[in-house]
Amino acid sequence: MTAGGSVAKSAAALATALLWSNWLLPRLGLDVRGRTGANAGFATGYALVFDSRANWWSVRGLRCGLAPAAVVVAGYGAALTGAGVRRRLREFADRGPDVSLTEWVAVHIPIGTVYSEELVFRGTLEPLLDTTFGSRAGLLFGAGTFGLWHIHPARAAGDSVPVTVAATALGGLVFGLLRRRCDSATAPALLHLAFNGGGALAPQLAARWAHRSTR
Numbered sequence: 006m007t008a009g010g011s012v013a014k015s016a017a018a019l020a021t022a023l024l025w026s027n028w029l030l031p032r033l034g035l036d037v038r039g040r041t042g043a044n045a046g047f048a049t050g051y052a053l054v055f056d057s058r059a060n061w062w063s064v065r066g067l068r069c070g071l072a073p074a075a076v077v078v079a080g081y082g083a084a085l086t087g088a089g090v091r092r093r094l095r096e097f098a099d100r101g102p103d104v105s106l107t108e109w110v111a112v113h114i115p116i117g118t119v120y121s122e123e124l125v126f127r128g129t130l131e132p133l134l135d136t137t138f139g140s141r142a143g144l145l146f147g148a149g150t151f152g153l154w155h156i157h158p159a160r161a162a163g164d165s166v167p168v169t170v171a172a173t174a175l176g177g178l179v180f181g182l183l184r185r186r187c188d189s190a191t192a193p194a195l196l197h198l199a200f201n202g203g204g205a206l207a208p209q210l211a212a213r214w215a216h217r218s219t220r
């Protein structure tokens, strides 16, 4: 592929990801189960169209991702030991979707979020950007696009868009660095799962802790 063709393909991949998350998916009017299926289907098709070149599954990636994921899980556990942190976490206990916590953590986070986002970004877009612009620029472009991917979700949740974009771009930077260090998308997928799964479980655990203490 020529340099111009590679740039055009990268631009198309960037635009497609952002149009999906911030324009097309919201207009489909799907419930949480529909969004999970749609996101997974989009990510799979995206990887096929834009020729995913990531080492998606590897033992090295698994080993490399377990340690940072364990640190995140331990961090959530440590946070729950503080009464002040538990009070803050309880404020988010009622922000989950209209499905059971088990379904949310076991199905929608791993498939609708982690699989879909890691296949799109660390599995497909960032390797393409690395080839086109170089590793450093690819990392920065990929992380920035990951932040912008969350514009509509932030609006739908009533969260600050600038804060959400900045926070998720920082997360994308960490995930991208981990993919490069471990040469596998497995590692950032594990870390992503730990962040999101812990973020869903911690408020519920804090609320249940408070309920037990008042009985």
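For the sequence shown, my numbering assigns the number 6 to the initial residue and increments by one for each residue that follows. Just so you know, even glycine gets a beta-carbon here, dropped at the ideal spot from N, CA and C.
Cβ-Cβ distances below 7 Å link Thr-118 to Asn-201 in the same chain, with the five nearest sequence neighbours on each side left out; the list follows chain order. Non-local C-beta neighbours of Val-170 in its own chain, meaning closer than 8 Å and more than five positions away in sequence, comprise Gly-152, Leu-153, His-155, Ile-156, Ala-159, ordered along the chain. Using a Cβ distance threshold of 8 Å, Thr-137 and Ser-11 count as a contacting pair. Here the segment 33-52 lies against the segment 101-117, with 3 or more beta-carbon pairs under 8 Å apart. For the pair Cys-69 and Val-76, the Cα-to-Cα distance works out to about 12 Å.
As the crow flies, the alpha-carbon of Arg-93 is around 17 Å from that of Ala-162. The alpha carbon of Ala-74 has as its nearest neighbour, out of Ser-189, Ala-16, Pro-193, Ala-13, the alpha carbon of Pro-193. With a threshold of 16 other beta carbon atoms within 10 Å, Asp-99 falls short and is exposed. Not a single unbroken stretch of the beta strand (DSSP E) spanning 3 or more residues falls wholly within the segment 73-110. Looking from the CA of Val-54, the closest CA among Ser-63, Ser-15, Gly-139, Leu-33 belongs to Ser-15. For Val-119, there is no enclosing alpha helix (DSSP H), as DSSP marks it with neither H nor E. If you keep only unbroken alpha helix (DSSP H) runs of at least 4 residues inside the segment 130-199, you get 131-138, 140-154, 156-162, 166-187. Apart from sequence neighbours up to five positions away, the residues of its chain that approach Leu-85 with a beta-carbon distance below 8 Å are Arg-91, Leu-94, Ala-207, Leu-210, Ala-211, Trp-214, ordered along the chain. Separation of Ala-43 and Trp-62 (C-alpha to C-alpha, rounded to the nearest whole angstrom) is 23 Å.
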